[in-house]
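S.K.: This is the structure, below, for whatever I ask next.
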Amino acid sequence: MAVSYGGGEMTGDNAERIKEGIEHFNRGDIPAVLDLYDPEVHVESSGTIAGGSFRGREGVAEWFQKIGTTWPGGLRLHVENLSETGDLVFVEWTQEGKLSNGKEMKQKALNVFEMHGGKVKSQRLYTDSEKIARDLERM
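Residues 1020 to 1158 (the numbering used here) are what the sequence shown spells out, left to right.
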């Protein structure tokens, strides 16, 4: 099955699963998002504000708590490109939301998801963490 989303093309079930996960995230349905992750997942997120290295679903839940603390009003993801090559899914999105200090923030991010058996085995998130720190007035 081939579908398009944003500016990029995606094919296959893995990209569709990631798209569904982003839709769950935007609705605040974190349990549904966590279900997309393999129990032994490893997530690397750049930066010091909501970044770090997280292992297992418990680690991903901790990461989502950090995101919720940084963006207490919610963080919305707007997919611009989504593509799949083998077991890898690449997603470019714009993320926006109101930070804990009340300031609106908008920036781009790039994610690389490695899938196995329909679950996220690893995720690498690349974003400008210094922009977040500046917007939070921590730099």
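Built from N, CA and C at the ideal position, the CB exists for glycine as well. Since the structure is predicted, the reported quantities are computational estimates derived from the model, not experimental observations.
1. Rounded to whole angstroms, what's the CA-CA distance from Leu-1053 to Asn-1033? Just pull it up for me.
2. In angstroms with no decimal places, state the Cα-to-Cα distance between Gly-1092 and Lys-1117.
3. Short of 7 Å in beta carbon distance, which residues of its chain neighbour Thr-1146, apart from the five on each side in sequence? Order them along the chain.
4. Helix, strand or coil: which one does DSSP assign to Trp-1112?
5. On the DSSP bridge assignment, give the partners of Gln-1126 in chain order.
6. Ignore the nearest five residues each way along the sequence and tell me which others in Asn-1045's own chain have a CB closer than 7 Å to its CB.
7. Should Glu-1123 be labelled buried (16 or more other beta-carbon atoms within 10 Å of its own) or exposed?
8. If I measure Cβ to Cβ from Leu-1055 and keep anything under 7 Å in the same chain, skipping five residues before and after, which residues do I get?
9. So, helix, strand or coil for Glu-1156, using DSSP?
10. Which runs of the alpha helix (DSSP H), 4 residues or longer, sit entirely within the region 1027-1061?
M.R.: According to the structure data:
1. Roughly 15 Å between the two C-alpha positions.
2. Taking the straight line joining both Cα atoms gives about 6 Å.
3. By the criterion of a C-beta distance shorter than 7 Å, Thr-1146 is surrounded in its chain by Ser-1065, Gly-1066, Gln-1126 and Ala-1128, once the five residues flanking it on both sides are discounted.
4. Correct three-state label for Trp-1112: strand.
5. Looking at the DSSP output, Gln-1126 bridges to Gln-1114.
6. Within the same chain, Asn-1045 has close Cβ partners Arg-1095 and Leu-1096.
7. So Glu-1123 counts as exposed.
8. These residues qualify, in order along the chain: Arg-1036, Gly-1040, Lys-1138 and Val-1139.
9. Note: Glu-1156 maps to coil in three-state DSSP.
10. If one requires a minimum length of 4 residues, the alpha helix (DSSP H) runs lying completely within the region 1027-1061 are 1032-1046 and 1049-1053, in chain order.
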